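What follows is a single structure, written as structure tokens, with notes after it.
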Amino acid sequence: MTTQLILDTLAIFFLLGGLFFMLVGAVGVLRLPDAFNRLHAASKCSTLGMMGLLLAACLHVGTGDVVAKSIAFILFVFVSTPVGSHMLAKAAHRDKAPQWDGTLSDELAEDNAKEKVS
Amino acid sequence: MLDLLPTILIAAAEGHAAEPAGKAHSLMAGPLLLITQVGVGVLVLGILLCLYRMIKGPHLADRVLAGDTVAMLVAGLVVMLAIKYDSALFYDAALVVAILGFVSTVAFAQYIGAKNKSAPEMTPEPEEDTA
Chain A
235 MTTQLILDTL
245 AIFFLLGGLF
255 FMLVGAVGVL
265 RLPDAFNRLH
275 AASKCSTLGM
285 MGLLLAACLH
295 VGTGDVVAKS
305 IAFILFVFVS
315 TPVGSHMLAK
325 AAHRDKAPQW
335 DGTLSDELAE
345 DNAKEKVS
Chain B
10 MLDLLPTILI
20 AAAEGHAAEP
30 AGKAHSLMAG
40 PLLLITQVGV
50 GVLVLGILLC
60 LYRMIKGPHL
70 ADRVLAGDTV
80 AMLVAGLVVM
90 LAIKYDSALF
100 YDAALVVAIL
110 GFVSTVAFAQ
120 YIGAKNKSAP
130 EMTPEPEEDT
140 A
């Protein structure tokens, strides 16, 4: 009984954290100025938010299959989301997606120009 | 799926929500279920924000990343369902949604990258020894 109480309290903590990150990611996708900034918000926040929700499910349900599937899901999300967003960012850069006016440096374009000269 | 229907209906019936047999019922289970209900609203709000970006987004990459985020939010909704009903039945659906989001992101990234042929990685290899 007490163990379940502690586990549920931890689950509430992780659930609130996951929901916070999910909402912040969605607001970032809506509000940030260009595609690369939006990609930053979307990938980081959805990864962390998904981890929070899955840990909450682990702690609240607590059976073996849920824990195993949650661990597999967390590993999958932590591998797939950076890979996908990296591919998308590179493709958007290659397609010359418009950048924010306040962008300080674009090192990939500089490297490409240097490679073309040499 | 049809043989699961009675289970789902019993679980969804009023007063039977999330009461698995033989599991200790703690004091914080009520607030947890309340937070899952609020969280469904939060995730749906996030989906609406991403859909707005998907409609508006100036570049194709904006639409694709909004779709990726929507897929992750829908997977989150399915996980909330699993928390509410104390069951592992929904995890496979969440995993399928996440995998489809990842695969579609990769496919669209290939499409966007292949549209511009002038980039150094995309130049075709010079034809050799075609004698």
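If you read the protein sequences in the order shown, they are chains A and B. Heads up, the first sequence is in this note's numbering, so the first residue is 235 and it goes up one at a time. Heads up, the second sequence is in this note's numbering, so the first residue is 10 and it goes up one at a time. We treat Cβ as the ideally placed atom computed from N, Cα and C, and that holds for glycine. From a predicted model like this one, the values you see are computed outputs, not experimental measurements.
Which value, in whole angstroms, describes the spacing of the CA atoms of residue i and residue j?
i                      : j                      : result
residue 14 of chain B  : residue 41 of chain B  : 25 Å
residue 267 of chain A : residue 334 of chain A : 6 Å
residue 105 of chain B : residue 84 of chain B  : 8 Å
residue 309 of chain A : residue 54 of chain B  : 26 Å
residue 43 of chain B  : residue 86 of chain B  : 15 Å
residue 348 of chain A : residue 328 of chain A : 15 Å
residue 118 of chain B : residue 321 of chain A : 6 Å
residue 72 of chain B  : residue 60 of chain B  : 9 Å
residue 92 of chain B  : residue 74 of chain B  : 27 Å
residue 98 of chain B  : residue 123 of chain B : 39 Å
residue 239 of chain A : residue 245 of chain A : 10 Å
residue 351 of chain A : residue 338 of chain A : 23 Å
residue 116 of chain B : residue 52 of chain B  : 25 Å
Please tell me whether residue i and residue j are closer than 8 Å, where the distance is taken between their beta carbons.
i                      : j                      : result
residue 6 of chain B   : residue 258 of chain A : One cannot answer for residue 6 of chain B here, as it falls past the ends of chain B, which runs 10 to 140.
residue 256 of chain A : residue 90 of chain B  : no
residue 326 of chain A : residue 121 of chain B : yes
residue 276 of chain A : residue 114 of chain B : no
residue 250 of chain A : residue 293 of chain A : no
residue 252 of chain A : residue 285 of chain A : yes
residue 70 of chain B  : residue 331 of chain A : yes
residue 88 of chain B  : residue 288 of chain A : yes
residue 243 of chain A : residue 37 of chain B  : yes
residue 62 of chain B  : residue 264 of chain A : yes
residue 311 of chain A : residue 95 of chain B  : no
Grab the span of the alpha helix (DSSP H) containing residue i for me, first residue to last.
i                      : result
residue 77 of chain B  : 69-94
residue 287 of chain A : 269-295
residue 236 of chain A : 236-265
residue 66 of chain B  : Residue 66 of chain B -> no alpha helix (DSSP H), and no H or E assigned at all.
residue 314 of chain A : 298-328
residue 101 of chain B : 100-124
residue 345 of chain A : 341-351
Does any CB atom of chain B fall closer than 8 Å to the CB of residue i?
i                      : result
residue 316 of chain A : no
residue 340 of chain A : no
residue 283 of chain A : yes
residue 308 of chain A : no
residue 305 of chain A : no
residue 280 of chain A : yes
residue 259 of chain A : yes
residue 297 of chain A : yes
residue 347 of chain A : no
residue 333 of chain A : no
Give every residue of the same chain whose Cβ lies closer than 7 Å to the Cβ of residue i, excluding the five residues on either side of it in the sequence, and list them in chain order.
i                      : result
residue 291 of chain A : 300, 304
residue 31 of chain B  : Low confidence applies here, because residue 31 of chain B scores a pLDDT of 46, under 50, leaving its location unreliable and the question unanswered by this model.
residue 103 of chain B : 84, 87, 88
residue 80 of chain B  : 106, 107, 109, 110
residue 323 of chain A : 270, 273
residue 100 of chain B : 91
Leaving out five residues on either side along the sequence, give the residues of the same chain with a beta carbon under 6 Å from the beta carbon of residue i.
i                      : result
residue 282 of chain A : 255
residue 315 of chain A : 277, 281
residue 340 of chain A : none
Quick check on residue i - is its C-beta less than 8 Å from some C-beta in chain A?
i                      : result
residue 64 of chain B  : no
residue 107 of chain B : yes
residue 16 of chain B  : no
residue 92 of chain B  : yes
residue 70 of chain B  : yes
residue 36 of chain B  : yes
residue 121 of chain B : yes
From the beta carbon of residue i, is the nearest beta carbon of chain E less than 8 Å away?
i                     : result
residue 78 of chain B : Absent from the structure: chain E. Protein chains present are A and B.
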